[in-house]
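Read left to right, the sequence shown gives residues 66 to 380 (our numbering).
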Amino acid sequence: MFIHFWGVRGSLPKPLNNENVQAKLTAAIARMTPKDLESAESKMKFISSLPDWIYGTYGGNTPCIELRPKSGEVILLDCGTGLRDYAMYGKQPEDRHYTIFLSHLHWDHIQGFPFFGPSFNPAVTIDIYSPFDDVEESLEKQSSTPFFPPNGCWESVKNQCHFHKVEEGVPLELYGMKIECLKMFHPGDSYSYSFQENHKKFIYCTDAELQPSDFDKSIERNFYFQDADVLVLDSQYTNPEAARKVNWGHSSFSRAVEFASIWNVSDLYFFHHEPAYDDKKLDSILSAGINYQKYNAKGSEVKIHMSREGQEIVL
């Protein structure tokens, strides 16, 4: 499996502003020495030595992940604003066939769909999978007046779209993979997806407020997460913010670390980043997560990452 992150923010997009850019430049200059400017090689060495929050950005697009199984099919997980970037910069399938899995229909997970360029091509086929019954109706409303001009995009794309219902507890065999979904705690419900191929397991679990029962090994459904090679997990909040926002449907980074440790996950990717957090804040959360694991999840070998636009994983 090949995985590419196109959108990692939650709730709404978070573009860099002037203040963010100036803070990065100021921090870089403060670290610079005359020796760092002696040659092109020394300049590049200096740049590559900078902390992640200075060197680049974790990204501001809302959720979209590209997944390609061994068969080469293009699978897109959610349709946040990252979907538009995939359409503009990603590798498009030669057969013009796209497969989309939607976790749920909240705005930040579908807002990129009306701007998905390939959908306007009559030669394109888009298969959309979801546990919800009203996906077609919701996408039609989104792309119609008063949200779009008369004769808006739905009339241009509806014939390319084919809708499929998936059910919790009923595995789907598709493109040589075993695909399963699991309902998570989130207002209006949200579903995680598990993709298994060649003894590797990738789980996409956005918009999930982890509950005590999710950690219970006496509950059979929870073994869905056991031994995942990669778990992309909602880790939107710090602990104090999570305490203030109980029942909002999102988790703290520390709960994510505990959860991944309990279920013997190999690699955990913090995801659905809070839009109020800048890159420096996200960097500090990553460090805090690693330290939390060290002192509170002893014996855990899970590797912790902060999801970043442009990041790629090969399983």
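Just so it is clear, CB atoms sit at the ideal spot from N, CA and C, and this is done for glycine as well.
Nothing here was measured: the structure is a model prediction, and the numbers come from that model.
Boundaries of the beta strand (DSSP E) harbouring residue 237: 237-239, taken from the DSSP string. Here residue 205 has 219 as same chain residues with Cβ atoms under 6 Å from its own Cβ, once five neighbours each way along the sequence are excluded.
The residues 208, 218, in chain order, have a CB closer than 6 Å to that of residue 179 in the same chain once the five nearest residues on each side in sequence are set aside. With a contact defined as Cβ atoms closer than 8 Å, residue 263 and residue 292 miss out at about 14 Å. Residue 151 sits in a helix when the DSSP states are folded into three classes. Note that the C-beta distance between residue 255 and residue 73 is not below 7 Å. Around the Cβ of residue 290, a 10 Å sphere holds 16 or more other Cβ atoms; the residue is buried. Uninterrupted alpha helix (DSSP H) stretches at least 4 residues long and entirely within the stretch 174-251 occur at 200-207, 218-222, given in chain order. By the Cβ neighbour-count rule, residue 98 is exposed, with fewer than 16 other Cβ atoms within 10 Å of its own.
Residue state for residue 86 is assigned as helix, using DSSP reduced to three classes. Within the model, the alpha-carbon separation for residue 260 versus residue 143 is close to 15 Å. Here residue 321 is near residue 298, since their CB atoms are less than 7 Å apart. By the criterion of at least three beta-carbon pairs nearer than 8 Å, the stretch 330-341 is in contact with the stretch 299-310.
Proximity of the stretch 187-198 to the stretch 158-170 meets the contact definition, three or more beta-carbon pairs being nearer than 8 Å. Here residue 71 is buried: its Cβ has 16 or more other Cβ atoms, across all protein chains shown, within 10 Å.
Looking at the DSSP output, residue 368 shares a beta bridge with 332. Your pair residue 177 and residue 145 checks out as a contact, with CB atoms roughly 5 Å apart and the cut at 8 Å.
The continuous alpha helix (DSSP H) containing residue 111 extends over residues 105-114. Beta-bridge analysis with DSSP links residue 73 to no other residue. Beta-carbon to beta-carbon, residue 353 and residue 323 are separated by about 13 Å, too far to satisfy the 8 Å threshold.
Residue 351: member of the alpha helix (DSSP H) spanning 344-361, first to last residue.
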